[in-house]
Amino acid sequence: AQKVTQAQTEISVVEKEDVTLDCVYETRDTTYYLFWYKQPPSGELVFLIRRNSFDEQNEISGRYSWNFQKSTSSFNFTITASQVVDSAVYFCALDRPFSGTYKYIFGTGTRLKVLA
Amino acid sequence: EPEVTQTPSHQVTQMGQEVILRCVPISNHLYFYWYRQILGQKVEFLVSFYNNEISEKSEIFDDQFSVERPDGSNFTLKIRSTKLEDSAMYFCASKGGSYEQYFGPGTRLTVT
């Protein structure tokens, strides 16, 4: 089965704390893509990162970093020194473009609340 | 930078009415999608469209739904007879030669 699990429904942190959002995926495909999106209260989906299954290098972009581990089928997202503006729902998603399907599979999202 | 646009941003309709949600995909993209997100829930795939036909649809996409690309720029989702449970945010997406779908800002549909 193809599935994305975000076990953390809601996380609250105090500003400047680091926070990690977990994403575990299931797929039998060898080639796939993983994504993170941010959904602020305004509702749009803001693209954060795309990672393909052959690239396990961790990535850092400012205060954001991503840890991709195929051995545990995880693609976790860490925000360092969180800010109030980071408050949003974060979705992890899976794309399997060579499997004959065209859809993204989203996780259920993690609501992050950063308190001042 | 090119982007996907959607109109209207918010639509309120009465149960049983027909609604058409409109999307303008990125101009050189060939693959088009609709997703739905019921308030507080995850984003769910509805349908994909390529070469003027549906390439895949989910079990949510029943006979009440239809999609169309009426001209070279628009991509529409029609709900024939809206139900209360159709209230959701609807996202359009398009894809070109890369493996990435570009999402529009969404249309919030409220059925009363």
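Top line first, the protein sequences correspond to chains A and B. Everything in the first sequence is counted per the numbering used here, starting at 2 for the first residue and increasing by one. Everything in the second sequence is counted per the numbering used here, starting at 3 for the first residue and increasing by one. A virtual CB, placed ideally from N, CA and C, is assigned to each residue, including glycine. Small disclaimer: the values here were computed from a predicted structure and weren't measured.
Query, Result
"Per DSSP, A:Tyr91 forms a beta bridge with which residues?", "A:Lys39, A:Thr111"
"Cutting at 7 Å between CB atoms, please list the residues of its own chain near B:Leu32, excluding the five before and the five after it.", "Tyr52, Gly98"
"Over the uninterrupted beta strand (DSSP E) stretch that includes B:Tyr91, give me the two end residues.", "This sequence places Met at residue 91 of chain B; Tyr is not what is there. Its beta strand (DSSP E) spans residues 90-97."
"For A:Pro41, count neighbouring C-beta atoms within 10 Å of its own C-beta (all shown protein chains included) and say buried if the count is 16 or more, exposed if not.", "exposed"
"Which partner residues does A:Thr102 have in the DSSP bridge list?", "According to DSSP, A:Thr102 bridges with nothing at all."
"Measure the C-alpha to C-alpha separation of B:Glu5 and B:Asn30 and round it to an integer number of angstroms.", "11 Å"
"By Cβ distance, which residues of its chain are closer than 8 Å to A:Cys24, with the 5 residues on each side in sequence left out?", "Val5, Thr6, Gln7, Leu35, Trp37, Ser75, Phe76, Asn77, Phe78, Cys93, Gly108"
"Is the beta carbon of A:Thr28 less than 8 Å from the beta carbon of A:Gln3?", "yes"
"For the beta strand (DSSP E) that B:Ser100 lies in, which residues bound it at each end?", "From DSSP, B:Ser100 is part of no beta strand (DSSP E); its letter is neither H nor E."
"Kindly indicate which residue of B:Ser75, B:Ala90, B:Pro72, B:Asn76 has the alpha-carbon position closest to the one of B:Ile62.", "B:Ala90"
"Opposite A:Tyr26 in the DSSP bridges: which residues?", "A:Val5"
"Measure from the alpha carbon of A:Glu45 to the alpha carbon of each residue in B:Ile56, B:Leu79, B:Ala95, B:Thr84, then state which is nearest.", "B:Ala95"
"Is DSSP giving B:Leu41 helix, strand or coil here?", "coil"
"Below 8 Å between beta carbons: does that hold for B:Pro10 and B:Thr109?", "yes"
"Which residues of chain A have a Cβ atom closer than 8 Å to the Cβ of B:Lys44, listed in chain order?", "Phe92, Phe107, Gly108, Thr109, Gly110"
"What's the C-alpha gap between A:Thr102 and B:Thr78?", "21 Å"
"From the DSSP secondary-structure annotation, give me the bridge partner or partners of A:Asn53.", "A:Tyr34"
"Of all the CB atoms in chain B, is at least one closer than 8 Å to the CB of A:Pro98?", "yes"
"Nearest by alpha-carbon distance to A:Asp1: which of A:Asp30, A:Thr21, A:Glu11, A:Val14 is it?", "Because residue 1 of chain A is not part of the residues shown, which for chain A are 2 to 117, the question remains open."
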